[in-house]
Structure formats: structure tokens, C-alpha cells
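Counting in the numbering used here, the sequence shown runs from -14 upward without gaps. C-beta: ideal position from N, C-alpha, C; glycine also. What follows is a single structure, written as C-alpha cells, with notes after it.
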Amino acid sequence: MLPTQKGREQLAIEGFADALEVIPRVLAENAGLDPIDEILALSAAQVEHGSWFGLDAMSGEKADMSELGIHDPLFVARQALTGATEAAITVL
């Protein structure tokens, strides 16, 4: 994907994206999988199948989390992301 922003704003966007990758990276590590391989495979699976695809830590496969009955409540996810973003802005 080509960046649509330039300069500091692009660096901030890339930093934010890197921070979000921590979640699947830690999940892969905790499942005993190679985090780099899993993030690359997960990104490809999400492009091909949609954003509901995630890492099934029990099987090590990429799967539709909705079909597996795995749902994060939107309110909880939004609050966590908002809180983390506000903390990062405060530090910067």
C-alpha cells in the first residue's frame, strides 16, 4: 500500500500501525509460532478473506473469528484503543 500522507503524519500513521501489530505478534509468540511469519500470513488472509480473519492460537491456522464465535465487544475494543491512543498522544 502506498502512503497517502507525507512527513511527520506518515511516520505517526506507521507508528500507530506498528503498535497495533503487537496484538497478533504476542498471540503468535504465546502460541509457539513464528510471529513474523504469522503476521505476514494473517495480513494476506485478511486481504483475501476480510478483516474478520485472525489467528486461531489453538490450531495455528488463520480462520474467520466470527465463524468460530470469537467476538470482542465493540465498546471494550473501542475504549482500549481510545485509551491507548490518548496515552500515546499525551507522551508525544
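Taking the Cβ atom as the reference point for each residue, do residue 27 and residue 47 lie within a distance shorter than 8 angstroms?
If you number the sequence shown from 1, residue 27 lands on position 42. If you number the sequence shown from 1, residue 47 lands on position 62. For residue 27 and residue 47, yes; Cβs fall inside 8 angstroms.
When we look at the beta-carbon of residue 58 and count the other beta-carbons within 10 Å, is it buried (16 or more) or exposed?
Translated into the one-based positions of the sequence shown, residue 58 becomes position 73. Under this definition residue 58 is an exposed residue.
Reduced DSSP secondary structure (H/G/I, E/B, other) of residue 45
Residue numbering aside, residue 45 sits at position 60 when the sequence shown is read from its first letter. Of the three classes helix, strand and coil, the one that applies to residue 45 here is coil, per DSSP.
Cut-off 8 angstroms between Cβ atoms - residues of its own chain near residue 89, not counting five sequence neighbours on either side
The question about residue 89 has no answer here: the residues shown for the chain are numbered -14 through 77.
Throw me the rounded Cβ distance for the residue 16 and residue 42 pair, which I believe falls under 8 angstroms.
Stepping through the sequence shown from its first residue, residue 16 is reached at position 31. Stepping through the sequence shown from its first residue, residue 42 is reached at position 57. With 8 angstroms as the limit, residue 16 and residue 42 qualify as a contact, their Cβ atoms being about 4 angstroms apart.
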